[in-house]
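Enquirer: Sending over a structure as structure tokens; questions will come in a sec.
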Amino acid sequence: MSNEITLYTNPMSRGQIARWMLEEVGEPYDMVVLDYDVGMKSADYLAINPMGKVPAIVHAGKVVTECAAICAYLADAFPAAGLAPATDGRADYYRWLFFAAGPVEAAITNKALGFAVPEGRERLAGYGTFDHAIDALERAVSGPAWICGDRFTAADVYVGAQVDWGLSFGSIPSRPVFEAYAARLRERPAYKRQKELDNALIAKMQKPA
Numbered sequence: 000m001s002n003e004i005t006l007y008t009n010p011m012s013r014g015q016i017a018r019w020m021l022e023e024v025g026e027p028y029d030m031v032v033l034d035y036d037v038g039m040k041s042a043d044y045l046a047i048n049p050m051g052k053v054p055a056i057v058h059a060g061k062v063v064t065e066c067a068a069i070c071a072y073l074a075d076a077f078p079a080a081g082l083a084p085a086t087d088g089r090a091d092y093y094r095w096l097f098f099a100a101g102p103v104e105a106a107i108t109n110k111a112l113g114f115a116v117p118e119g120r121e122r123l124a125g126y127g128t129f130d131h132a133i134d135a136l137e138r139a140v141s142g143p144a145w146i147c148g149d150r151f152t153a154a155d156v157y158v159g160a161q162v163d164w165g166l167s168f169g170s171i172p173s174r175p176v177f178e179a180y181a182a183r184l185r186e187r188p189a190y191k192r193q194k195e196l197d198n199a200l201i202a203k204m205q206k207p208a
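Per numbering that gives the first Met the number 0, numbering of the sequence shown is gapless, rising by one per residue and ending at 208.
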């Protein structure tokens, strides 16, 4: 019998975030690896995600796309994993989860594309300037443990992936707060499992025929 969750992914993509979240949840899942040129653009997959991008998950017949949404959804769908605070303690959880998915993502992408907000036009950009967004991100992860205090949550998976990847690829500046937060993330067993699984897939895909 197939598992209740199916992950559509490519290991060289943001699919790593969804895989990390699934490893944190601890529920079994099936995986479909799609290539960029054919698999993600097939009619079957476009019926799941019309954007033709990964990741996506299907859980009990329901489709969820967008990494932040996948993290939040899985935390709610599997409460026993303890990856979401109680509803009256979710202010920082929601605030920083969606800040990373919105302003931070836009600021990093625009900088990578060589676009800078013209001086005096900052109000037209949801993130203001790259430096403003990064300074706010630093505030989010400046505590001694996690975004919601002592408790690791799904917000740390998504925000943490932004920080971890940003440091690795130079898309965010190296700062002591970011380095310390990333170091804590990299010690999590689920993070290590995800990296091991996806790195093995990458090595297999890159192996000469």
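Quick reminder that beta carbons are idealized off the backbone N, C-alpha and C, glycines included.
With a threshold of 16 other CB atoms inside 10 Å of the CB of Q193, please say whether the residue is buried or exposed.
Expert: With 16 or more Cβ atoms within 10 Å of its Cβ, Q193 is classed as buried.
Enquirer: Using alpha carbons as the reference points, say which of A83, T8 and L166 lies closest to W145.
Expert: When only C-alpha atoms are compared, the closest one is A83.
Enquirer: Quick check on this structure: which residue in L123, A85, F168 and D163 has the alpha carbon closest to the alpha carbon of P102?
Expert: Per the Cα distances, L123.
Enquirer: Confirm, please, whether the CB-CB distance from R13 to C70 is below 8 angstroms.
Expert: No.
Enquirer: Buried or exposed for N198, going by 16 or more other Cβ atoms inside 10 Å?
Expert: It is exposed - the Cβ of N198 has fewer than 16 other Cβ atoms within 10 Å.
Enquirer: Return the CA-CA distance between I171 and M30, expressed in angstroms with no decimal places.
Expert: Using only the alpha carbons, I get a separation of about 30 angstroms.
Enquirer: Pick helix, strand or coil for D197, following the three-state DSSP scheme.
Expert: Of the three classes helix, strand and coil, the one that applies to D197 here is helix, per DSSP.
Enquirer: Mind checking which residues open and close the beta strand (DSSP E) that includes D155?
Expert: Taken as a continuous stretch (DSSP letters only), D155 belongs to no beta strand (DSSP E), being part of the alpha helix (DSSP H) at A153 to F168.
Enquirer: Just to confirm, are Y7 and A55 a CB contact at a threshold of 8 angstroms?
Expert: Yes.
Enquirer: On the three-state DSSP scale, how would you describe R122?
Expert: Helix.
Enquirer: Just mark A160 as buried or exposed, buried being the case when its beta carbon has 16 or more other beta carbons within 10 Å.
Expert: Per the 10 Å Cβ criterion, buried.
Enquirer: Have a look at G125 and M50 and give me their C-alpha separation to the nearest angstrom.
Expert: If you take the alpha carbons of G125 and M50, they lie about 22 angstroms apart.
Enquirer: So for M30, helix, strand or coil by DSSP?
Expert: M30: strand per DSSP, three-state reduction.
Enquirer: Which two residues bound the contiguous beta strand (DSSP E) that contains L210?
Expert: In the structure displayed, the chain extends from 0 to 208; residue 210 sits before or after that span and is not available.
Enquirer: Just checking my contact of E121 with G127 at CB under 8 angstroms: how many whole Å lie between their CB atoms?
Expert: So it is a contact: roughly 5 angstroms between Cβ atoms.
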